[in-house]
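*Asks:* Supplied in structure tokens, the structure appears directly below.
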Amino acid sequence: MREKFHASLEGNIRTLAFGLPRLGPNREYKRLLEAYWQGSLPREEFLQALEDLEGLRMATYREHVDLYPAGELSLYDPMLDLAVALGVYPVEPFDLEGYYALARGKGALPLRKWFGTNYHYLVPRLPEKPRYTPRRGFFPYPVGQKTPGSAEGLPTLLGPYTLLRLAQNPPERVEDHLEALVEAYAELLEPFAGTLFLLQEPALGLDGVERDLPHLLKAYAALAKRVPLVLLSYYLPPASEVVRSLANLPLRGLGVFPVGEALPKLPPGMALVLGVVEGQGVWRTHLLALGGILPLLEGQEVWLAPKAPLFHLPWRVDEPLPKALEGRLAFAVERLQELSLLKELLTDGQGPAGHLEAATSPSRAYQAARAWYTPPPAWELHPSPPPPS
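So, in structure tokens, the structure goes:
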């Protein structure tokens, strides 16, 4: 039975990560921005330093996971990048003064919390008439990329529905803007025909999506004709009707985190992007306790992923820790390591039964997973009761 199950996993499990902190391991991003704004770092040196930081991020992904985005490193804010790339604001490619005028100073766009997290985003204002003029020079990043599609990794963008729902002036009828946005996205996607494309739509978990669903399905189907589309939604569980409808689209991959209900069986050719490690929490994952994912693996292509973008976490655990925390924390790089170890755990030849319960001859991956996890400290597992009111 183990051999049969293992054979069904061969070539069917990959790892995908996204959102590796752009801050860098030593807060390089913050220092570069501040130095450029203060005038102590020339423009070309600033852009080159961002290129170097992006190279470090890509190398970190490449070391641990199979699939990862290209183009995550923003000049400041991904929502502003998207608005500029779609021509919402008349900023020419690499007009840094024009770009940063929208991010700071008297003319800055307002800030709003990003889906209730501690992150904020710049809130764009949509044009009154749904007209968008794509500017390919602002997409994709890495920052100084000269040839579209030359970077490794999956090109990525926030999706049109997230833009519409999170704008200063969300339209009453999303269909009024969606058709124009699909055309604009299609133009941005044109250089990537045949390339896996990661579309991130966290707004699919918001209330009211069912009302807009027919128009969204039409939009995603149109984009999926241009590129092999991987659609991700995270933070909030979409309604079951939404998930079932998305599963019927001609997508290359679908990920919905958290899963409100059991995911439907996806059709052949569509990968299930499965959130298995935390993107916001900091405790290590008990990989040997993930037996619940096993029924999802057999006969289906699965990409193991974090449940949210990793930018909510620090870069890595590399400083001396109090005794109570040693071996218990996992930040962004550790999450990549967990994904890699879980893939090895599931595909190393023993079969899942040998991994998720005591094995007679435990594999290297089993032993590594067992050594990896230390339960959170008692004060985290059993927090003090709230004071009496």
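Taking the working numbering, the leading residue of the sequence shown gets 1126, the next gets one more, and so forth.
For each residue, glycine too, the CB sits at the ideal point set by N, CA and C.
Near P1339, what residues of its chain come up, given a Cβ to Cβ distance below 8 Å and the 5 sequence neighbours on each side ignored?
*Replies:* Counting only Cβ-Cβ distances below 8 Å, and skipping sequence neighbours, we find nothing.
*Asks:* N1294: which of G1149, V1213 and R1260 sits nearest, CA to CA?
*Replies:* Considering only alpha carbons, the answer is V1213.
*Asks:* Apart from the five residues on each side of it in sequence, which residues of its chain come closer than 8 Å, Cβ to Cβ, to E1459?
*Replies:* The answer, listed in chain order, is R1409, R1441 and V1442.
*Asks:* Kindly indicate which three-state DSSP category P1339 falls into: helix, strand or coil?
*Replies:* In this structure, P1339 counts as helix in the three-state DSSP scheme.
*Asks:* Measuring alpha carbon to alpha carbon, tell me which of R1453, A1457, A1503 and P1502 ends up nearest A1494.
*Replies:* Of R1453, A1457, A1503 and P1502, the residue nearest in Cα terms is R1453.
*Asks:* If distances are taken between C-alpha atoms only, which option among Q1425, L1413 and G1424 comes closest to L1466?
*Replies:* It is L1413 whose Cα lies nearest to the Cα of L1466.
*Asks:* How about R1377 and L1348: are their beta carbons less than 7 Å apart?
*Replies:* Their beta carbons are not under 7 Å apart, which means R1377 does not touch L1348 by this criterion.
*Asks:* Using the Cα positions of K1448 and P1502, report the straight-line distance between them to the nearest angstrom.
*Replies:* Straight-line Cα distance between these residues: approximately 10 Å.
*Asks:* Quick check on this structure: which residue in A1430, E1297, L1342 and E1312 has the alpha carbon closest to the alpha carbon of R1369?
*Replies:* Of the listed residues, the one whose Cα sits closest to R1369 is L1342.
*Asks:* What do you get for P1203, buried or exposed, if any count of 16 or more other CB atoms within 10 angstroms of its CB means buried?
*Replies:* Result: buried.
*Asks:* Give me the Cα-Cα distance between W1239 and A1292, rounded to the nearest whole angstrom.
*Replies:* Taking the straight line from one Cα to the other gives about 12 Å.
*Asks:* Do L1329 and S1358 count as a contact pair if the criterion is CB distance below 7 Å?
*Replies:* Yes, the Cβ-Cβ distance between S1358 and L1329 is below 7 Å.
*Asks:* Return yes when the Cβ of D1337 is within less than 7 Å of the Cβ of V1381, no when it is not.
*Replies:* The answer is no: Cβ separation not under 7 Å.
*Asks:* Are the CB atoms of Y1491 and H1411 nearer to each other than 7 Å?
*Replies:* No.
*Asks:* Quick one: Cα of Y1225 to Cα of Y1201, how far?
*Replies:* Distance between the alpha carbons of Y1225 and Y1201 is about 8 Å.
*Asks:* Please check the pair L1435 and A1457, which I expect to be a contact at CB under 8 Å, by giving their CB distance rounded to whole angstroms.
*Replies:* Confirmed, Cβ separation roughly 4 Å.
*Asks:* Name, in chain order, the residues that DSSP records as bridge partners for P1431.
*Replies:* DSSP output for P1431 lists V1402 as bridge partner(s).
*Asks:* On the DSSP bridge list, what partners appear for R1139?
*Replies:* DSSP, once it has assigned bridges, lists W1428 as partnering R1139.
*Asks:* Give me, in chain order, the residues of the same chain whose beta-carbon lies closer than 8 Å to that of E1153; leave out the 5 immediate sequence neighbours on both sides.
*Replies:* Hits under 8 Å: A1174 and L1178.
*Asks:* Distance, Cα to Cα, V1190 vs V1402?
*Replies:* Taking the straight line joining both Cα atoms gives about 13 Å.
*Asks:* For the alpha helix (DSSP H) that T1472 lies in, which residues bound it at each end?
*Replies:* T1472 -> alpha helix (DSSP H) spans A1457 to T1472.
*Asks:* Report back the beta-carbon spacing between A1305 and R1261 to the nearest angstrom; my notes put them in contact at under 8 Å.
*Replies:* So it is not a contact: roughly 17 Å between Cβ atoms.
*Asks:* Do G1196 and A1281 count as a contact pair if the criterion is CB distance below 7 Å?
*Replies:* First, the amino acid is wrong: residue 1281 is Thr here, not Ala. In this structure, G1196 lies closer than 7 Å to T1281 by Cβ.
*Asks:* Throw me the rounded Cβ distance for the A1208 and P1235 pair, which I believe falls under 8 Å.
*Replies:* 13 Å between Cβ atoms; not a contact.
*Asks:* Within a Cβ cutoff of 7 Å, which residues of the same chain sit near F1171, ignoring the five residues on either side of it in sequence?
*Replies:* Within the same chain, F1171 has close Cβ partners L1157 and Y1161.
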